[in-house]
Amino acid sequence: MTSANTGTEVGSFASRFNLQQYVVYLGFLAIFLFFAFMLRDSGFLTVRNLSNIVLQTAPVTIMAIGLVFVMSAGEIDLSIGSIVAVAALAAAVTIASYGMAAGIVAGLGAGILIGLINGALVAYVRLPSFLVTLATMGLFAGVSRSMTDLRSISVTNETFTGFFGSGSLLGVPSLIWWTVIAIAVGHLVYRETRFGAHVLATGDNARAASVSGISVPKIRLAVLTISGGLAGLAGLLYAGRLQAAKYTLGETDLMTVIAAVIVGGTLLNGGKGSIVGALVGSLMMGMLNNGLILMGLSVSDQMIVRGLIILTAVAVSLRDKSR
625 MTSANTGTEV
635 GSFASRFNLQ
645 QYVVYLGFLA
655 IFLFFAFMLR
665 DSGFLTVRNL
675 SNIVLQTAPV
685 TIMAIGLVFV
695 MSAGEIDLSI
705 GSIVAVAALA
715 AAVTIASYGM
725 AAGIVAGLGA
735 GILIGLINGA
745 LVAYVRLPSF
755 LVTLATMGLF
765 AGVSRSMTDL
775 RSISVTNETF
785 TGFFGSGSLL
795 GVPSLIWWTV
805 IAIAVGHLVY
815 RETRFGAHVL
825 ATGDNARAAS
835 VSGISVPKIR
845 LAVLTISGGL
855 AGLAGLLYAG
865 RLQAAKYTLG
875 ETDLMTVIAA
885 VIVGGTLLNG
895 GKGSIVGALV
905 GSLMMGMLNN
915 GLILMGLSVS
925 DQMIVRGLII
935 LTAVAVSLRD
945 KSR
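Okay, so the sequence shown: first residue is 625 according to our numbering, each after it adds one.
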């Protein structure tokens, strides 16, 4: 075999093997094996610890699904953490006065409404999504603090807490059911529907998508509304699991969600993404936090590690986009 043929075959293999497509799975395996070895005597591999990782990452996974749609369309949503707090508090306050059904409507409605506001400003006022959601992030962080004067609101409705957090069905915790359902529906819509194809086309080239007949403003409005609604659902999951709502809910999740989505294979500039990859990325970030805590690392050290992972993922993402 000649060197020219060898070079051609290597190039062909490289074109077929997309590092960015598999990095999340390789990274997940590498981190798992590292902690399994380093923390073999610290309880990392126990069923209880591993199940806790899955349960703790459920709200992050839900938010990550919404962010996959947003980033695939070439936009960003920085307000999801604030939406979580507002939705959880709205649900908790409403449940106390009007019952479970009204509380669910209030929590999800708050998330959808904020998403609609973000989407309308981006799609029709034509403001950059980064600036819009940065502003609403601060705005609704303030709203969540003023809603209850910084007080925590208990959620004592056992049906609500069981359905959204502490309960189980067929022996499987409700948080896992929510994760499975959200991933299944999100993947189906993202990969198998015309809407999903339009989202990807918008993120890849908005002008070309518009020329081809896609309503780009409607797509942008839709993805930011979806993101807001799923952040509202994450707020309900937090309130159900913790049996309480507070303004601090979700305020540290933004970095983790973005990391999960980018590491999971969604391109920073849009046009490509993965719902399943976001799930694996979310679990990887949860496993990383869990392992670092068991190793005794401080919160600042954990932030440094997450930041390095995001930088690596962004570098791979941009390299893939430039090919």
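All C-beta atoms in this analysis are idealised placements derived from N, C-alpha and C, irrespective of residue type, glycine included.
### Task
Report yes if the CB atom of L954 is closer than 8 Å to the CB atom of V729, and no otherwise.
Residue 954 is absent from the model: the chain starts at 625 and stops at 947.
### Query
Cβ atoms of I700 and L857: under 8 Å apart, would you say?
Between L857 and I700, the CB-CB gap reaches or exceeds 8 Å.
### Query
How about S906 and A884: are their beta carbons less than 8 Å apart?
It is a contact, given that the beta carbons lie within the stated cut-off.
### Task
Pick helix, strand or coil for P841, following the three-state DSSP scheme.
It is helical.
### Task
Excluding the 5 residues preceding and the 5 following G827 in the sequence, name in chain order all residues of the same chain whose CB lies nearer than 6 Å to its CB.
So the qualifying residues of the chain are S696, A697, G698, G894 and G895.
### Query
Between the beta-carbon of G735 and the beta-carbon of A855, is there less than 8 Å?
Cβ atoms of G735 and A855: closer than 8 Å.
#### Entry: Proximity winner among P752, N742 and R672, relative to L763 (alpha-carbon distances)
Minimum Cα distance to L763 is reached at N742.
### Query
Excluding sequence positions up to five away, which residues of its chain have a Cβ less than 8 Å from the Cβ of M911?
Only F652, I655, F656, F659 and I677 meet the Cβ criterion.
### Query
Per DSSP, what kind of secondary structure is V749 in: helix, strand or coil?
DSSP places V749 in the coil class of the three-state scheme, outside both helix and strand.
### Counted within 10 angstroms of its Cβ, other Cβ atoms place S703 as buried (16 or more) or exposed
In this structure S703 is buried. Its beta-carbon is surrounded by 16 or more other beta-carbon atoms within 10 angstroms.
### Task
Could you have a look at A765 and say whether DSSP puts it in helix, strand or coil?
Annotated three-state conformation of A765 is helix, per DSSP.
### Task
Report the option in Q926, L916, L848 and M909 whose CA atom is closest to the CA atom of A682.
Closest in C-alpha terms to A682, from the list Q926, L916, L848 and M909, comes M909.
### Task
Note down the Cα distance separating Y646 from A806, rounded to an integer number of angstroms.
Between Y646 and A806, the C-alpha separation is close to 22 Å.
### Message
At the level of alpha carbons, what is the spacing between S776 and S770?
### Response
Cα-Cα distance, rounded: 12 Å.
### Task
Can you say whether S922 is buried or exposed, counting buried as having 16 or more other CB atoms within 10 angstroms of its CB?
Counting Cβ neighbours within 10 Å, S922 comes out exposed, since fewer than 16 surround it.
### Task
Can you tell me which of the three DSSP states I700 falls into?
DSSP, reduced to helix, strand and coil, places I700 outside both helices and strands of the structure shown, so it counts as coil.
### Task
Could you tell me whether the Cβ atoms of L691 and G789 are closer together than 8 Å?
Not a contact, by the Cβ cut-off of 8 Å.
#### Entry: Run of the alpha helix (DSSP H) containing S906, from where it starts to where it stops
Per DSSP, S906 belongs to the alpha helix (DSSP H) from I899 to L918.
### Query
If you count every other CB in all the chains shown that lies within 10 Å of the CB of T632, and 16 or more means buried, which is it?
Any reading at T632 is ruled out, since the residue's pLDDT is 48, under 50, leaving its predicted position unreliable.
### Message
Alpha carbons only, please: which of P797, S721 and Q867 is nearest the one belonging to F784?
### Response
Residue Q867 is the option with its Cα nearest to F784.
### Through-space distance from V809 to I800, alpha-carbon basis
Cα-Cα distance, rounded: 14 Å.
### Host alpha helix (DSSP H) of E782 (start-end)
Counting along the chain, the alpha helix (DSSP H) containing E782 begins and ends at E782 to T785.
### Distance CB(A720)-CB(G731) smaller than 8 Å
No, these two residues do not count as a Cβ contact at 8 Å.
### Query
DSSP on S922, reduced to helix/strand/coil?
For S922, the secondary structure class from DSSP, reduced to helix, strand or coil, is coil.
### Task
Using beta-carbon positions only, say whether E851 and M761 come within less than 8 Å of one another.
For clarity, residue 851 is Ser in the given sequence; the question names Glu instead. No.
### Task
Output the residue ranges of the alpha helix (DSSP H) runs that lie fully inside the stretch 781-862 and measure 4 residues or longer, sorted by chain position.
Taking only runs of at least 4 residues, the alpha helix (DSSP H) segments lying wholly in the stretch 781-862 are 782-785, 798-816, 818-828 and 830-835.
### Task
Would you mind stating whether S768 and A709 have Cβ atoms separated by less than 8 Å?
Contact: yes.
### Task
Kindly give me the distance between the Cβ atoms of G853 and G739, rounded to whole angstroms, as I take these residues to be in contact under 8 Å.
Cβ atoms of G853 and G739 come within 8 Å of each other, at about 6 Å.
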